[in-house]
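Residue numbers (the UniProt record's numbering), protein chains in the order written: chain A, 1 to 293; chain B, 1 to 241. By construction, the Cβ of each residue, glycine as well, lies at the ideal position given by its N, Cα and C atoms. Below is one structure, written out as structure tokens, with a few remarks after it.
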Amino acid sequence: MSPLIQYSIDALNLGCLYALYALGVAMVFGILRLVNFAHSSLIMIGGYALVLTAGLPLALRVVITVVACVAAAVLLELVAFRAVRGANPATLLVTSFAVTIAMSSLAEAVFGALPAAADVHPALRESYSFGTVYVPKLNIATVVVTALLVGGLSLFLTRTTLGLQMRAAAADFTTARLMGVRTDRVISMAFAVSGVLAAAAALFLLAASGSVTPGFGVDAVLFGLIAAVVGGLSSLRGAAIGGLVLGVSGQLLQSFLPVEVKPFRDAILFAAVAALLVLRPQGLVAKAEGVRI
Amino acid sequence: MLQIADLTIRYGGITAVHGLSVSVDEGELVALVGPNGAGKSSTLAAVSGLVTPAAGRIVFDGESLVGLPPEETVRRGVALVPEGRNIFGSLTVAENLALGATIRRDRRAVAHDVERELDRFPILRERYGQQAGYLSGGEQQQLAIARALLSRPRLLLLDEPSLGLAPLLVDAVFDTIAELRRGGMTTLLVEQNATRAVALADRSYVLRTGRAVRSGTAEELGGAAALASEYLGETTEELPA
Chain A
1 MSPLIQYSID ALNLGCLYAL YALGVAMVFG ILRLVNFAHS SLIMIGGYAL VLTAGLPLAL
61 RVVITVVACV AAAVLLELVA FRAVRGANPA TLLVTSFAVT IAMSSLAEAV FGALPAAADV
121 HPALRESYSF GTVYVPKLNI ATVVVTALLV GGLSLFLTRT TLGLQMRAAA ADFTTARLMG
181 VRTDRVISMA FAVSGVLAAA AALFLLAASG SVTPGFGVDA VLFGLIAAVV GGLSSLRGAA
241 IGGLVLGVSG QLLQSFLPVE VKPFRDAILF AAVAALLVLR PQGLVAKAEG VRI
Chain B
1 MLQIADLTIR YGGITAVHGL SVSVDEGELV ALVGPNGAGK SSTLAAVSGL VTPAAGRIVF
61 DGESLVGLPP EETVRRGVAL VPEGRNIFGS LTVAENLALG ATIRRDRRAV AHDVERELDR
121 FPILRERYGQ QAGYLSGGEQ QQLAIARALL SRPRLLLLDE PSLGLAPLLV DAVFDTIAEL
181 RRGGMTTLLV EQNATRAVAL ADRSYVLRTG RAVRSGTAEE LGGAAALASE YLGETTEELP
241 A
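So, in structure tokens, the structure goes:
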């Protein structure tokens, strides 16, 4: 029984992380139809913000990191994406790749290519143990913070005027504008939200790995993107569920595959994703759009 | 109140509207009628800011609307009910109505206006908390009109409100338009159902391939029968040069 609990806890942890990455990507995609690969740059910026503030109290570091990620997200939209707004998806995607490469080159020039080490909090390296089950405090923090962020985000989207405007813009941007929804405002807000999610991702990634490189966050966003596609890229609920499903399956494969097959874990996982998309191209969560004439 | 002068709209190499001039006075109901591709919807799109005209003037209340994005024209007092309704199907009826009042800050007056629209369209009150995508076509049209009215427009643009509706529902839509007109709403109506639109409107413009070929009251246009024959098309200028 206890290994099963152990596996579930590990799986839930990875699922929450992937959900966090996927939500950051889906937030921007929902409004702009932009596959924002540069979400990884935001995570990288968050990572360096945590490195540079090492030694300050954790609460202050978190605030600085969130502010840095949100500011970077809004600025990236203003500088890089506003000019290509409404361009075809390929142009948008290439722009987001260009931003990612430019940002990681910039980080390399400023901080060097070597890993910059920093601790998030010593307590996050400890574990609670219940008999033979070990629960790292980091996993608990990941699950709790992700749950709070998802809850907060859904309250924001369903209970506030700006949230309603963002859902309307995601559903039909032109009609939302006819209602008076201001384009720049909802787009900036979508990027700002993705900045908050990137800051959280940076925190947990750094706590797990202990160091930041210019390529920090790239793998995370790759998995986030795949997770978002698995769930259904155009809905936030889909992105969150896709993240959970991909993370849980990845971790379960990791736990149960025979040792000699383990190196092929991601290959098996992505083959399953490909198979899923053949069967259900719209993703796990189809858009609940009632159509009746 | 609204003056459109020498309006020209191009999409790539195709000219949809050629130097069209239309005026709407305060309190008037003006209809643009004509076959598919006559440039009716393009004209409304230009007024509401969805497309930028290649040439011409659009003046509303003494101020030019040309180049303003739709989120600004609605703030100037122009509301468009788009062709195909374009309600937010994944949102509730209540949320759709709330979005109609996006530009307003006077919450209590908005709540009062929502009540008025729910009185006008009782089915919306019944479906208030439901997803708007599950409404029938006629109900969606009512929602789209109610939503547009919640911005308190001074000029209402209606794009093909009867399109795709069963005859009984078409009657209901024209009843609503008549009622709004009695209430003094200035309206520019685009319709393929020319006979009904012309009969109801104060004045009408008959459009063909982007030009106004005739205009006037129902009597001046010779009544519905004459218009119907005009649609069968005995004109010599079928295609733009």
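Residue nearest to residue i in terms of C-alpha spacing, selected from the options
i              : options                               : result
D10(A)         : A274(A), A168(A), A169(A) and L253(A) : L253(A)
R265(A)        : S234(A), A49(A) and L246(A)           : L246(A)
V94(A)         : N36(A), F223(A) and T65(A)            : N36(A)
L143(B)        : G89(B), P167(B) and T15(B)            : G89(B)
D25(B)         : K40(B), I4(B) and G37(B)              : I4(B)
A172(B)        : L149(B), E219(B), I145(B) and R127(B) : I145(B)
residue 263(B) : Q140(B), G39(B), G13(B) and P122(B)   : Residue 263(B) lies beyond the stretch modelled for chain B, which goes from 1 to 241, so this question has no answer here.
T183(A)        : R154(B), P70(B) and R120(B)           : P70(B)
T195(B)        : L188(B), G37(B), M185(B) and G222(B)  : G222(B)
L188(B)        : R105(B), N36(B) and L156(B)           : L156(B)
S8(A)          : C16(A), T91(A), L164(A) and V248(A)   : V248(A)
Q140(B)        : V93(B), L7(B) and Y205(B)             : V93(B)
N193(B)        : L163(B), D119(B), R203(B) and L169(B) : L163(B)
Reduced DSSP secondary structure (H/G/I, E/B, other) of residue i
i       : result
F212(B) : Here the sequence assigns Ala to residue 212(B), which means Phe is not the residue at that position. A212(B): strand per DSSP, three-state reduction.
S41(A)  : helix
L157(B) : strand
A101(B) : coil
G128(B) : The amino acid occupying residue 128(B) in the given sequence is Tyr; Gly does not appear at that position. Coil at Y128(B), not helix or strand.
I31(A)  : helix
I87(B)  : coil
P82(B)  : coil
D6(B)   : strand
T186(B) : strand
H121(A) : coil
F130(A) : strand
I53(B)  : The residue asked about is misnamed: residue 53(B) is Pro in this sequence, not Ile. Looking at P53(B) - three-state DSSP - the assignment turns out to be coil, as it is neither helix nor strand.
S96(A)  : helix
R116(B) : helix
Cutoff 9 Å: residue i Cβ touching any chain B Cβ
i       : result
E289(A) : Any reading at E289(A) must be qualified, since the residue scores a pLDDT of 42, below 50, and its modelled position is unreliable; the value itself is stated next. Yes, because at least one Cβ of chain B sits closer than 9 Å to the Cβ of E289(A).
T53(A)  : no
Q282(A) : no
T174(A) : yes
G180(A) : yes
R177(A) : yes
T95(A)  : no
T183(A) : yes
R292(A) : Its pLDDT being 30, under 50, R292(A) is placed unreliably in this model, and the coordinates cannot settle the point.
Test: residue i CB closer than 9 Å to a CB of chain A
i              : result
T102(B)        : yes
L189(B)        : no
I87(B)         : yes
S90(B)         : yes
residue 278(B) : No statement about residue 278(B) is possible, as the shown extent of chain B runs from 1 to 241 and does not include it.
L124(B)        : no
L180(B)        : no
Distance between residue j and residue i (C-alpha atoms, nearest Å)
i       : j       : result
R116(B) : S64(B)  : 32 Å
Y21(A)  : R237(A) : 13 Å
E160(B) : N96(B)  : 20 Å
A178(B) : M179(A) : 24 Å
R125(A) : S209(A) : 11 Å
V218(A) : V99(A)  : 12 Å
L239(B) : G210(B) : With a pLDDT of 42 at L239(B), under the threshold of 50, the modelled position of that residue is not reliable, and no figure is offered here.
A220(A) : Y134(A) : 25 Å
L23(A)  : G243(A) : 8 Å
A109(A) : A68(A)  : 19 Å
V84(A)  : I187(A) : 13 Å
I226(A) : R154(B) : 48 Å
T15(B)  : S42(B)  : 10 Å
V59(B)  : A197(B) : 24 Å
A102(A) : G129(B) : 47 Å
A271(A) : V196(A) : 32 Å
Y48(A)  : G283(A) : 34 Å
A116(A) : T91(A)  : 33 Å
R57(B)  : T174(A) : 23 Å
I140(A) : V150(A) : 15 Å
A199(A) : R125(B) : 43 Å
A240(A) : V229(A) : 11 Å
D119(B) : F174(B) : 17 Å
Heavy atom of the ligand HEM within 8 Å of residue i beta-carbon
i      : result
L78(A) : Looking for the ligand HEM in the displayed structure turns up nothing, as the structure carries no ligands at all.
Chain-ordered residues of the stretch 47-78 of chain B with a beta carbon less than 9 Å from chain A
Only those residues of the stretch 47-78 of chain B whose C-beta falls short of 9 Å from the nearest C-beta of chain A are listed: S48, G49, L50, P69, P70, E71, E72, T73, V74 and R75.
Anything in the stretch 138-172 of chain A with a Cβ closer than 7 Å to a Cβ of chain B? List those residues in chain order, please.
Listed by position along the chain: L164, Q165, R167, A168, A171 and D172.
Of the residues that make up the stretch 145-173 of chain B, which ones have a beta carbon closer than 7 Å to any beta carbon in chain A?
If you check each beta-carbon in the stretch 145-173 of chain B against every beta-carbon of chain A, the ones closer than 7 Å belong to S151 and G164.
Members of the stretch 9-36 of chain B that neighbour chain A once the beta carbon cut-off is set at 8 Å
Correct list: empty, as no residue qualifies.
Give me the subset of the stretch 95-119 of chain B whose CB atoms are less than 8 Å from a CB atom of chain A, sorted by chain position.
From the stretch 95-119 of chain B, only E95, A98, L99, G100, T102 and I103 have a Cβ closer than 8 Å to chain A.
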